Amino acid sequence: MRVQLALFASLSQYLPEAAAEDRVSAHAQMVDLPDGTTVGQVITTLGLPDEPRIVFVNGRHAPDEHTLAEGDRLAIFPPVAGG
Amino acid sequence: MPYPARPAPAIEEYADLRARLAPARVGIVGLGGLGSNIAWMLVRAGVGTLVLADHDRVDASNLERQFYFADQVGLPKTEALSANLRRITTATRLECFQTHVDESNLRELYAGIDVFVEAVDTAHDKAMLVAAASEQLPGVPIVAASGVAGYGSPNDVITRHLMGEVWMVGDLVSEVSAEHPLFASRVAIAAGHQAHMTVRILLGYPEA
Numbered sequence: 302m303r304v305q306l307a308l309f310a311s312l313s314q315y316l317p318e319a320a321a322e323d324r325v326s327a328h329a330q331m332v333d334l335p336d337g338t339t340v341g342q343v344i345t346t347l348g349l350p351d352e353p354r355i356v357f358v359n360g361r362h363a364p365d366e367h368t369l370a371e372g373d374r375l376a377i378f379p380p381v382a383g384g
Numbered sequence: 008m009p010y011p012a013r014p015a016p017a018i019e020e021y022a023d024l025r026a027r028l029a030p031a032r033v034g035i036v037g038l039g040g041l042g043s044n045i046a047w048m049l050v051r052a053g054v055g056t057l058v059l060a061d062h063d064r065v066d067a068s069n070l071e072r073q074f075y076f077a078d079q080v081g082l083p084k085t086e087a088l089s090a091n092l093r094r095i096t097t098a099t100r101l102e103c104f105q106t107h108v109d110e111s112n113l114r115e116l117y118a119g120i121d122v123f124v125e126a127v128d129t130a131h132d133k134a135m136l137v138a139a140a141s142e143q144l145p146g147v148p149i150v151a152a153s154g155v156a157g158y159g160s161p162n163d164v165i166t167r168h169l170m171g172e173v174w175m176v177g178d179l180v181s182e183v184s185a186e187h188p189l190f191a192s193r194v195a196i197a198a199g200h201q202a203h204m205t206v207r208i209l210l211g212y213p214e215a
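Here the protein sequences come in this chain order: F and A. Quick note on the numbering used here: the first sequence kicks off at 302 and runs consecutively. Quick note on the numbering used here: the second sequence kicks off at 8 and runs consecutively.
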């Protein structure tokens with residue numbers, strides 16, 4: 302299945318290599334995933350650091366157990382401390 | 008040049024815009040450098056109701072950047088901030104909760120708000136609160152902040168429509184540390200961004 306993956310700020314370095322036609326923006330691209338892949342499996346496969354992150358699928362928060370579907374938009378943002 | 012007999016159209020329009028903020032109900036979690044300053048900006052803008060929550064008390068070190076005064080050290084932040092906001096005007100309704108906000112009480116505390124403002128300190132709490140607000144307050148815009156520390160350029164602090172109902176203020180990377188402390192000026196810039204994006208959303212202009 303095809304999913305749009307967006308990795309913001311310091312996480313953008315974890316975007317996999319992508320063909321030009323798969324790039325959506327500087328921090329987002331289309332990726333091919335096996336059917337039934339969960340959010341947590343994507344995070345593990347990419348090797349994202351074990352730090353706080355905001356995970357949204359199609360504009361709403363999604364837990365690691367969430368199973369992705371064709372055409373989903375997965376976005377991950379790493380907030381940093383200070384306020 | 009004589010004064011016009013009646014207010015200029017632009018001023019009438021401004022009065023109308025302020026009036027449109029009077030029915031608004033904005034929730035702020037965290038009353039530190041971001042939240043305490045966002046609160047006074049929204050009070051002065053004419054927002055009708057603020058729901059304010061923080062478990063903490065005013066510490067002497069907070070006076071470097073937060074909207075408190077030396078004689079308020081030791082008071083709950085909710086109590087001290089209420090007193091300071093009421094010195095500006097008593098027209099704003101304030102609903103204050105001296106408590107830690109998390110998944111267990113967010114929905115109850117912030118029911119019926121029009122905008123949720125994340126203004127806490129730690130990365131863990133920021134992630135937890137944005138997730139909880141997205142789940143428990145569906146459709147409510149979330150104005151959050153990340154990357155407000157240090158002496159980096161003021162122009163790197165911007166507002167982005169990040170994803171879904173989330174607007175994110177900051178340079179996204181400047182984490183608070185010994186080398187990058189929180190300066191009143193840069194934190195206030197971020198607070199201004201958060202307060203102003205809140206005003207824009209309330210007026211129907213959701214573009215960052």
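By construction, the Cβ of each residue, glycine as well, lies at the ideal position given by its N, Cα and C atoms. Every value quoted in this text rests on a predicted model; they were computed, and no experiment measured them.
If the criterion is Cβ atoms closer than 9 Å, does the pair A/Glu7 and F/Arg361 meet it?
It is not possible to answer for residue 7 of chain A, since the shown part of chain A is limited to 8 through 215.
When burial is assigned at 16 or more other CB atoms within 10 Å of the CB, is F/Gln330 buried or exposed?
F/Gln330 should be labelled buried.
Neighbour flag for F/Ser311 against chain A, beta carbons, 9 Å:
Interface residue (Cβ-Cβ distance to chain A less than 9 Å): F/Ser311 is classified as such.
Assumed close pair A/Ala140, A/Gly37 - CB separation to whole angstroms, cut-off 8 Å
So it is not a contact: roughly 13 Å between Cβ atoms.
Flag F/Arg361 as yes if its beta-carbon sits less than 9 Å from any beta-carbon of chain A, otherwise no.
Put simply, the CB of F/Arg361 is near chain A, with a gap under 9 Å to one of its CB atoms.
Among A/Ala52, A/Ala156, A/Leu113, A/Leu49, nearest to A/Asp61 - alpha-carbon criterion
That would be A/Leu113, whose Cα lies nearest to the Cα of A/Asp61.
Can you look up A/Val120 in the DSSP assignment and give me helix, strand or coil?
Looking at the sequence itself, residue 120 of chain A is Ile, so the reference to Val does not match. Here A/Ile120 sits in coil by DSSP.
Would you check if the distance between the CB atom of F/Ile377 and the CB atom of F/Ala319 is smaller than 9 Å?
Cβ atoms of F/Ile377 and F/Ala319: not closer than 9 Å.
May I ask you to report which of helix, strand or coil DSSP gives A/Met170?
Three-state DSSP puts A/Met170 in a strand.
Where does F/Thr338 fall in DSSP's three states?
If DSSP states are grouped into helix, strand and coil, F/Thr338 belongs with coil.
What in chain A is Cβ-close to F/Arg354, meaning under 8 Å?
Within 8 Å Cβ-Cβ: Ala134.
Beta carbons nearer than 8 Å to chain A: which residues of the stretch 325-354 of chain F have them?
Those residues of the stretch 325-354 of chain F that come within reach of chain A (Cβ to Cβ, closer than 8 Å) are Glu352, Pro353, Arg354.
F/Ser311 versus A/Val183: straight-line alpha-carbon distance, rounded:
Each residue's Cα considered, the two are about 15 Å apart.
Taking A/Arg93 as part of the beta strand (DSSP E), name the residues at either end of that continuous run.
Not the beta strand (DSSP E): A/Arg93 falls in the alpha helix (DSSP H), residues 84-95.
Under a Cβ-count criterion, where at least 16 other Cβ atoms within 10 Å of its own Cβ denotes burial, should A/Val155 be classed as buried or exposed?
Its Cβ being crowded by 16 or more others within 10 Å, A/Val155 is buried.
How about F/Arg303 and F/Glu366: do their beta carbons lie closer than 9 Å?
Contact: no.
Coil, strand or helix - A/His216 by DSSP:
Chain A is shown from 8 up to 215; residue 216 of chain A falls before or after that span and cannot be answered.
Any idea if A/Ile95 is buried or exposed, counting beta-carbon neighbours within 10 angstroms, 16 or more meaning buried?
So A/Ile95 counts as exposed.
Would you mind giving the Cβ-Cβ distance between A/Ala134 and F/Pro380, rounded to the nearest angstrom? I have them listed as a contact below 8 Å.
Rounded, the Cβ-Cβ distance is 5 Å, consistent with contact.
Who are the Cβ neighbours of A/Gln73 in its own chain at under 6 Å, not counting the five residues just before and after it?
Gly39, Gly40, Ser43, listed in sequence order.
Under 7 Å between beta-carbons, which chain C residues line up against A/Met48? List them in chain order, please.
No chain C appears in this structure, whose protein chains are F and A.
Determine the chain F residues that contact A/Ala130 at a beta-carbon separation under 8 Å, and present them in chain order.
By Cβ distance, chain F contributes Glu352, Pro353, Pro379, Pro380, Val381, Ala382.
Short Cβ contact (9 Å threshold) for F/Leu369 with F/Leu316:
Going by C-beta atoms, F/Leu369 is not nearer than 9 Å to F/Leu316.
Look at A/Glu186 and A/Gly146 and say whether their C-beta atoms are less than 9 Å apart.
Not a contact, by the Cβ cut-off of 9 Å.
Tell me which residues of the stretch 56-80 of chain A have at least one Cβ-Cβ distance to chain F shorter than 7 Å, keeping chain order.
Near chain F, meaning a CB-to-CB distance below 7 Å, no residue of the stretch 56-80 of chain A qualifies.
Looking only at C-alpha atoms, which of A/Asp23, A/Lys84, A/Gly55 sits nearest to A/Ala29?
Checked all of A/Asp23, A/Lys84, A/Gly55; the closest Cα to A/Ala29 is A/Gly55.
Within 10 angstroms of its Cβ, does A/His131 collect 16 or more other Cβ (buried), or is it exposed?
Exposed: under 16 other Cβ atoms inside 10 Å.
In this structure, does DSSP put A/Ser68 in helix, strand or coil?
Assigned with DSSP and collapsed to three states, A/Ser68 falls in helix.
What are the residues of the stretch 35-46 of chain A that lie near chain F, defined by any Cβ-Cβ distance shorter than 8 Å?
Those would be Gly37, Gly39, Gly40, Leu41, Gly42, in chain order.
Is the CB-CB distance between A/Val108 and A/Leu88 below 9 Å?
In this structure, A/Leu88 does not lie closer than 9 Å to A/Val108 by Cβ.
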